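Scroll down for the structure; my scribbles are underneath it.
Protein chains: 2
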Amino acid sequence: MHGYELRKELATKLGTIRAAISYGTLYPTLKRLQTAGWIGAAETPDSEIIPPLTSRRGRVVYKITAEGKERFADLLAQAGPETYDDAGFGVHFAFFSRTDRATRLRILEGRRRRIEERREGLRDVLARASDRLDAYTLELQRHGLDACEREVRWLEELITNERSGRSPAGDTPPEDPRPHQDRP
Amino acid sequence: MHGYELRKELATKLGTIRAAISYGTLYPTLKRLQTAGWIGAAETPDSEIIPPLTSRRGRVVYKITAEGKERFADLLAQAGPETYDDAGFGVHFAFFSRTDRATRLRILEGRRRRIEERREGLRDVLARASDRLDAYTLELQRHGLDACEREVRWLEELITNERSGRSPAGDTPPEDPRPHQDRP
DNA sequence: TGACGATGTATCGGGCCGATACATCGTGCG
DNA sequence: CGCACGATGTATCGGCCCGATACATCGTCA
């Protein structure tokens, strides 16, 4: 894909997780990835055979390299504290079909622990500081607590499915070189 | 309050909205606010009458100025596109008891419109691109869509309450100079 | 007495965003 | 027919914010 297309694709894939990546991040990052050798760049798509009549706009098409695929798989499989953040977890989850079941379970459980901690913190606040906070702030905490409880239930459902083999993807992720299509 | 205390207080007040503000933001921002004249600084709290035996740690206590209160009220009352972001809306909502009903309604309705747009975008993706995305990505979209629908219902409840006068706060916000207590 | 965690102020490098610039393409409208 | 406008596309810049780090004090517990 070229940059603009990748941006749109990511925005769709990540949905509510985060807004579209900015141009100030997109293009410098593509250059860094190219310098690192994880992606390769070509000036024009292969399908573009007929020479342009007018001077063609510079359109750079990127493609992941073998080394890039390895690094990407490593990144998806590794789980640290930032993996359980809202942003980090969302990105990992969006690419779950590229990981194995053990990794998925590890990340889902880490995320659940993180949300449970947040939930306990909110319950603490509501129990201890409810007389110190105004009604709107309390309503905000209640709403946040409700969201935590819902997410924990969602995560537990996903964990149960993974354990029982009813997960959306099998254990071995499909090698899928085609863009625009994650699962045929 | 001093910086460290303010940081904790904000973290409690904002709850799930965002993590605690970083030190790299906190202290430079306090300086900027002081330079702008919106807050004043004193080396030691007034209650600290007894001179310290050992050399006392530098502890700066800040207090909002009259000009700062004006600017703060302005900031809370103004509503732009970033007011309806997750972060912006959360901050505004956490200080709703400092605003009037008209402002609250304007912000709640703007936020609702924003979430409705996001909801429609997600429905579009689920309707149009469901065959192009893998099962985990679809699950992510469904979860996000569910969160949108819940938030819209929550906002509508709040809007109804505001309109009918059953809002948590009255129309005139209380002038409350005491720290640690938003509503007695 | 000494370790440890909470309290407290402060800075630095790096990453990301919003704004902006510039150019092409397709489409619809007068 | 021309032209405006929005989508497509690449690129850069200033500024804000975060994570890491440094340094020091305080209370507590072993």
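As you go down the protein sequences, you meet chains A and B in turn. According to my numbering, the residues represented by the first sequence are -8 to 175, in order. According to my numbering, the residues represented by the second sequence are -8 to 175, in order. Backbone N, C-alpha and C fix where the C-beta goes; we use that ideal spot for every residue, glycine too. No experiment lies behind these values; they were computed from the predicted model shown.
Residue-level contact to chain B via CB, residue i, 8 Å cutoff
i, result
"A/K4", "yes"
"A/G135", "yes"
"A/R109", "yes"
"A/A78", "no"
Beta-carbon neighbours of residue i, restricted to chain A and to distances below 8 Å
i, result
"B/E147", "Chain A residues near B/E147: none, gap ~13 Å exceeds 8 Å."
"B/V178", "Limits of chain B in this structure are -8 at one end and 175 at the other, which puts residue 178 of chain B out of reach."
Contact set between residue i and chain A, taken where Cβ atoms lie within less than 7 Å
i, result
"B/P19", "Within chain A, no residue comes near B/P19; the closest Cβ sits about 22 Å away, beyond 7 Å."
Coarse secondary structure for residue i, derived from DSSP in three states
i, result
"B/A57", "helix"
"B/V51", "coil"
"B/A32", "strand"
C-alpha distance - residue i paired with residue j, whole-angstrom precision
i, j, result
"B/V179", "A/R95", "Nothing about residue 179 of chain B can be reported from this structure: the residues present for chain B run from -8 to 175 only."
"B/K22", "B/T56", "14 Å"
"A/T3", "B/A120", "9 Å"
"B/G52", "B/Q25", "One detail in the question is off: residue 52 of chain B reads as Val in this sequence, not Gly. Whole-angstrom Cα-Cα distance: 12 Å."
"B/E58", "B/S155", "34 Å"
"B/L129", "A/A85", "9 Å"
"A/T45", "A/A33", "Model confidence at A/T45 stands at a pLDDT of 41, short of 50, so the residue's coordinates are unreliable; what they give is reported in the following sentence. Spanning the two alpha carbons is a distance of roughly 20 Å."
"A/P43", "A/R50", "Only weak support exists for where A/P43 lies, its pLDDT of 43 falling under 50; the value from the coordinates is given anyway. The straight-line gap from Cα to Cα measures roughly 13 Å."
"A/E73", "A/G79", "6 Å"
"B/R157", "A/L124", "18 Å"
"B/L149", "A/W145", "26 Å"
"A/D77", "A/E(-4)", "25 Å"
Nearest residue (CA-CA) to residue i, options the options
i, options, result
"A/E111", "A/A93, A/L136, A/L131 and A/D91", "A/L136"
"A/R92", "A/E107, A/Y75 and A/L67", "A/L67"
"B/S88", "A/K54, A/L131, A/E61 and A/Y75", "A/L131"
"A/G6", "B/D77, B/L113 and B/E73", "B/L113"
"B/H134", "A/G81, A/D65, A/A64 and A/R133", "A/G81"
"B/R103", "B/R157, B/Y75 and B/G71", "B/Y75"
"B/I106", "B/A118, B/T90, B/Y14 and B/E140", "B/E140"
Cross-chain neighbours of residue i in chain B, by beta carbon under 7 Å
i, result
"A/Q132", "G6"
CB contact below 8 Å: residue i versus chain A
i, result
"B/A11", "no"
"B/F84", "yes"
"B/A120", "yes"
Neighbour list for residue i in chain B, Cβ cutoff strictly below 8 Å
i, result
"A/L113", "G6 and T7"
"A/F63", "Ordered by position in chain B, no residue passes the 8 Å Cβ test against A/F63, which lies about 15 Å from the chain."
Where residue i meets chain A, residues with beta-carbon distance less than 9 Å
i, result
"B/P159", "D125, A126, Y127, L129 and E130"
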